Amino acid sequence: METLHVADEVRYTWDIAEPIKGGGVVVTGDRIGAVGTFEELRERFPGARVRKWAGALGPARVHEGPLPDAPTPRERIHAVLKLGAVAVLGEYATAPGLREAAARVGVLVVPAAPRTALAETGRADLAVFDADGRCVATVCAGRLVHRRA
């Protein structure tokens, strides 16, 4: 099933100057199918389920510091997802059970922080942030894994 994530603006990268106003990202399985304006994507993918988000949608982030404190490895990984990240640096994932907890939900453990960008056929890792910079939603490998109530 295809899901069309739509937001006030879509950014290919977080440092790009010009976002796509009223843009969207089509997710098919764990991959990005297309990026563009809502109108063009709705026409190309008429059967896609639509999820509308207030704020800016772009690539999910890499958590580059110590993982938040929490009682269990699972809760520590979920705390990272709440920040809009779907990858953590390996040097911070050394506590017992963290790598396993990350693998269970599709969070990547990486040796260095790669530059993240939305790309067709790339892994569907997305994050939505509101005007105050708070994470509204996180999509990890095509699955909605965090949504702020």
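Using this note's numbering, the letters of the sequence shown map in sequence onto residues 1105 to 1253.
Every residue gets a Cβ at the ideal spot worked out from N, C-alpha and C, and that includes glycine.
None of these values were measured; they are calculated from a predicted model.
*If you draw a straight line from the C-alpha of Y1196 to the C-alpha of V1249, how long is it?*
In this structure, the alpha-carbon of Y1196 lies about 21 Å from that of V1249.
*In the DSSP assignment, what residue or residues form a beta bridge with V1110?*
G1128, K1156
*asked:* Considering Cα atoms alone, identify which of R1180, P1170, R1247, R1165 is closest to G1194.
replied: P1170
*Look at the alpha carbon of G1127 and the alpha carbon of K1156, and state the distance between them as a whole number of angstroms.*
So the two alpha carbons sit approximately 10 Å from each other.
*asked:* Suppose only complete runs of 3+ residues qualify. What are the beta strand (DSSP E) ranges in the stretch 1194-1219, listed by chain order?
replied: 1212-1214
*Of all Cβ atoms in chain C, is any one closer than 8 Å to the Cβ of A1199?*
Absent from the structure: chain C. Only one protein chain is present.
*Could you please give the first and the last residue of the uninterrupted beta strand (DSSP E) stretch that includes R1148?*
According to the DSSP assignment, R1148 belongs to no beta strand (DSSP E) but to the alpha helix (DSSP H) extending over 1142-1148.
*Exposed or buried, which one is D1229 when buried takes at least 16 other CB atoms within 10 Å?*
buried
*Taking 8 Å as the cut-off, decide whether the C-beta atoms of V1166 and T1242 are in contact.*
no
*Does DSSP put L1185 in a helix, in a strand, or in coil?*
Helix at L1185.
*List the DSSP bridge partners of R1135.*
T1132, R1227
*Roughly how many angstroms lie between the CA atoms of P1200 and P1172, to the nearest whole one?*
15 Å
*Beta-carbon separation of A1164 and A1205 under 8 Å?*
no
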